[in-house]
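Please read the structure below before turning to the comments.
Chains as they are written, first to last, in the working numbering: chain A, 1 to 332; chain B, 1001 to 1332.
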């Protein structure tokens, strides 16, 4: 059987471009015992994947040139040589960007599409949802009445962070770019205040106006100058949750900015980086809680879905120019 | 009775100078009920006091112009109108830089000079010792076999941090300036490796050589470029304890440096600022443990003592050019 595959044909220097990717055809192997043939249904594109396109050591190994990109994929079982999975089952796994693939049945996990639509397992019930949950609850330690600022607020993680912070009784300020995002954060996700950094002349002042009592928790998805402005206004004992630095991912050189140690010291503040795999042994706790909030209508959820397998590179590149509202997904 | 007093006559701009201080004579009031007349014996000078000389809001209020500097002082009771203290008792408190002073007996705490010499209560059994203890134990969370780097290693806090880290079974690397300090850190305090930043051309490489397994804990007393070099080499899950930033205290403008968020994120690392008063309700735990280690000979202690009340400004200024080895104290 022939499958289409998207490979990394060259490493991006700075912003990724469509020319860094190629689509090729490959012949799939026969199914061995314990293996399944999968058809990709939903493909996740995430900012962290940019890091894997550099040939540098990190918490996750780099993509290889002329090898397929891989990431979170929801797939449907087409044929099975394994007892654990039947044709028609939906599964999730870290899988290559291919229209079809042959994998060991143990490399994927069956998902329950009665609890939530299959695509949700790439978003609110998947990595972004769990990232929001553990980052905010475990590192941020929100308390009733505290002020929480979220950057990248309209992204896959940001919209969940803001809503959980509201559930915890906090005042929530979202920073995002563009009128459409701002309107939705305010009207559909019920953020208390929103700041459109693309249409704000003085971001320091905008934050000050939105946070008259200072900032107790900053959930940072973006880094760069937006973060500088937020961190300048943290309270004593503030917690800064470092989740992403999308503003910096395409930098060639070491980015420079104001030194943060003096303010962290003066404010007895904490800054903690994390990746979601640190919490692997608590995923079921997170999924249970998020499912419950979803069922109770306490969490709203948004996806930006592009249609067509070939759109994957476009969708990925779109992350860095803010094309997504909520979780960005490609449906094959 | 006439006492001498040292006042802040003007606010330093950048490095403090002798001209920012004046010595004046004042008439002490009569003792009221509950008050004691004290004679200053040992005066502490500490880097954090530089911050109080600026007219800016911080965790502690600024010194006022033409008012006395105050800080940690060990004093002897000369006369008492309080039942809790007798002439001859030694006390410690946050007291003005005066040769003599009249204070409420409740504003000072009696110390036991049988456990340790009186001056130790300004150092290893006082703020610097407790800062080392809680910063390393509570924030650093040292584990056997980990690598700990301490900057400002020959300072009042640094020498204690290094020794506690050794007690905890860690490998300890100290960074300090000058041959004398380096020799003492190695020979008397038994640091595993020492780096003399004043005589090292490539600090990155020196750290790399000294820390072949990377850095698990960085106890930072200095900030600036030394810290940049250390932080570049932290391990996954590292803890950065922000205790001081003496390299930056005299800066006029916001200091600029490499952004740290990307590395903290990639390494799931923590950076936490603190001041010792955060641990006020655990001071007795710290003092008990430090006294025990002192008694058992597990902790060595060094003081740099200048003699003469009038030397206080000089001693304070000396902190910023590394004149002290261990705790800097003035004996009246």
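All C-beta atoms in this analysis are idealised placements derived from N, C-alpha and C, irrespective of residue type, glycine included.
Extent of the continuous alpha helix (DSSP H) to which residue 1304 of chain B belongs: Note, residue 1304 of chain B: premise wrong, no alpha helix (DSSP H); beta strand (DSSP E) at 1303–1307.
Segment limits, beta strand (DSSP E) that includes residue 1176 of chain B: 1171–1176
Alpha helix (DSSP H) segment containing residue 1130 of chain B, residue limits: 1127–1134
DSSP-derived helix/strand/coil call for residue 257 of chain A: Here residue 257 of chain A sits in strand by DSSP.
Any chain B beta carbon closer than 8 Å to residue 319 of chain A: no
Per-residue burial, residue 1179 of chain B [other beta carbons within 10 Å of its own, 16 or more giving buried]: exposed
Residues in the stretch 261–278 of chain A having any Cβ partner in chain B nearer than 7 Å: 261, 262, 264, 265, 266, 267, 268, 269, 270, 271, 272, 273, 274, 275 and 278
Closer than 8 Å to chain B by CB, residue 259 of chain A: At least one chain B Cβ lies under 8 Å of residue 259 of chain A.
Residue of B/1245, B/1270, B/1278 and B/1229 minimising C-alpha distance to residue 254 of chain A: B/1229
Opening and closing residue of the beta strand (DSSP E) in which residue 1316 of chain B lies: Where residue 1316 of chain B is concerned, there is no enclosing beta strand (DSSP E), although the alpha helix (DSSP H) around it starts and stops at 1312–1318.
Nearest-angstrom Cβ-Cβ length linking residue 9 of chain A and residue 66 of chain A, presumed shorter than 8 Å: 7 Å
Residue nearest to residue 1049 of chain B in terms of C-alpha spacing, selected from B/1315, B/1323 and B/1332: When each option's Cα is compared against that of residue 1049 of chain B, the closest is B/1315.
Under the three-state DSSP convention, the category residue 235 of chain A falls into: strand
Limits of the alpha helix (DSSP H) - the one that residue 208 of chain A falls within: 203–210
Residues that DSSP places opposite residue 25 of chain A in a beta bridge: DSSP, once it has assigned bridges, lists A/4 as partnering residue 25 of chain A.
Outcome for residue 1147 of chain B when other beta-carbon atoms lying within 10 angstroms are tallied against a minimum of 16: buried
The beta strand (DSSP E) enclosing residue 1271 of chain B, as first and last residue numbers: In this chain, the beta strand (DSSP E) harbouring residue 1271 of chain B covers 1270–1273.
The beta strand (DSSP E) enclosing residue 1183 of chain B, as first and last residue numbers: Where residue 1183 of chain B is concerned, there is no enclosing beta strand (DSSP E), although the alpha helix (DSSP H) it sits in stretches over 1179–1187.
Given 8 Å, three or more beta-carbon pairs between the stretch 39–47 of chain A and the stretch 73–90 of chain A: yes
Chain B within 8 Å of residue 5 of chain A, Cβ atoms only: no
Sufficient close CB pairs (3 or more, under 8 Å) joining the stretch 1214–1226 of chain B to the stretch 255–265 of chain A: yes
Per-residue DSSP class, three states only, for residue 87 of chain A: coil
C-alpha gap between residue 1142 of chain B and residue 108 of chain A, whole angstroms: Cα to Cα, the separation comes out at about 37 Å.
Beta carbon proximity, residue 218 of chain A to chain B, threshold 8 Å: no
8 Å Cβ cutoff met for residue 139 of chain A and residue 272 of chain A: yes
9 Å Cβ cut-off: residues of chain B touching residue 256 of chain A: 1256, 1257, 1258 and 1259
Partner residues on chain A for residue 1058 of chain B, Cβ-Cβ distance less than 7 Å: 266
Span of the alpha helix (DSSP H) around residue 1294 of chain B: Here the alpha helix (DSSP H) through residue 1294 of chain B covers 1283–1295.
Cβ contact check for the stretch 1298–1311 of chain B and the stretch 294–307 of chain A: 3 or more pairs under 8 Å: Remark: fewer than three beta-carbon pairs, one from each stretch, lie closer than 8 Å, so the stretch 1298–1311 of chain B and the stretch 294–307 of chain A are not flagged as touching.
Neighbour flag for residue 30 of chain A against chain B, beta carbons, 8 Å: no
Distance CB(residue 161 of chain A)-CB(residue 191 of chain A) smaller than 8 Å: In this structure, residue 161 of chain A sits away from residue 191 of chain A, with a CB-CB distance that is not shorter than 8 Å.
CA-to-CA distance, residue 329 of chain A to residue 158 of chain A, given in whole angstroms: Spanning the two alpha carbons is a distance of roughly 16 Å.
Pick from A/113, A/94, A/124 and A/27 that is closest to residue 286 of chain A, judged by C-alpha positions: Nearest to residue 286 of chain A by alpha-carbon distance, out of A/113, A/94, A/124 and A/27, is A/124.
Top-ranked residue by Cα proximity to residue 1035 of chain B, from B/1105, B/1026, B/1051 and B/1068: Residue 1035 of chain B has its Cα closest to that of B/1105, out of B/1105, B/1026, B/1051 and B/1068.
C-alpha gap between residue 1031 of chain B and residue 1120 of chain B, whole angstroms: 29 Å
Within chain B, the residues that residue 341 of chain A reaches when beta carbons sit closer than 9 Å: The requested residue 341 of chain A is not part of the displayed model; chain A covers only 1 to 332.
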